[in-house]
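S.K.:
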Amino acid sequence: SNNSGTANIKTASDLGVTITPSALEMSNVDVANEFADMIVTQRGFQSNSKIVTVGDEMLETVINMKR
1 SNNSGTANIK
11 TASDLGVTIT
21 PSALEMSNVD
31 VANEFADMIV
41 TQRGFQSNSK
51 IVTVGDEMLE
61 TVINMKR
């Protein structure tokens with residue numbers, strides 16, 4: 001479309017890179033850090049869930065006291 005601007009077409013050799021067929025990219029994720037982050041997130045979720053449960057129990061107690 002006219003809003004896209006002009007096409008910028010280059011080949012891999014123009015950019016100074018080469019393509020290696022059948023090559024695998026190395027992982028760019030640190031598994032140990034991801035597991036640590038997952039555990040922290042899980043603990044946070046468990047804490048928030050417990051807060052909701054305790055709040056529900058407190059509200060139920062208040063309602064029962066009024067009866």
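Our numbering numbers the first residue of the sequence shown as 1 and each following residue consecutively.
Each residue gets a CB set at the ideal place from its N, CA and C atoms; glycine is no exception.
Since this is a predicted model, take the numbers as computed values, not measurements.
Run through DSSP, which three-state label would E60 get?
M.R.: For this step, residue 60 is matched to residue 60 along the sequence shown. E60: helix per DSSP, three-state reduction.
S.K.: Spatial neighbours of S27 within its chain, please: C-beta separation below 6 Å, excluding the five flanking residues on both sides.
M.R.: Stepping through the sequence shown from its first residue, residue 27 is reached at position 27. The answer is none, since no qualifying residue turns up.
S.K.: Can you tell me whether I39 is helix, strand or coil according to DSSP?
M.R.: Indexing the sequence shown from 1 puts residue 39 at position 39. I39 falls in the helix class under three-state DSSP.
S.K.: In whole angstroms, give me the CA-to-CA distance for V40 and V29.
M.R.: As a working note, residue 40 is residue 40 in the sequence shown. As a working note, residue 29 is residue 29 in the sequence shown. So the alpha carbons of these two residues sit roughly 17 Å apart.
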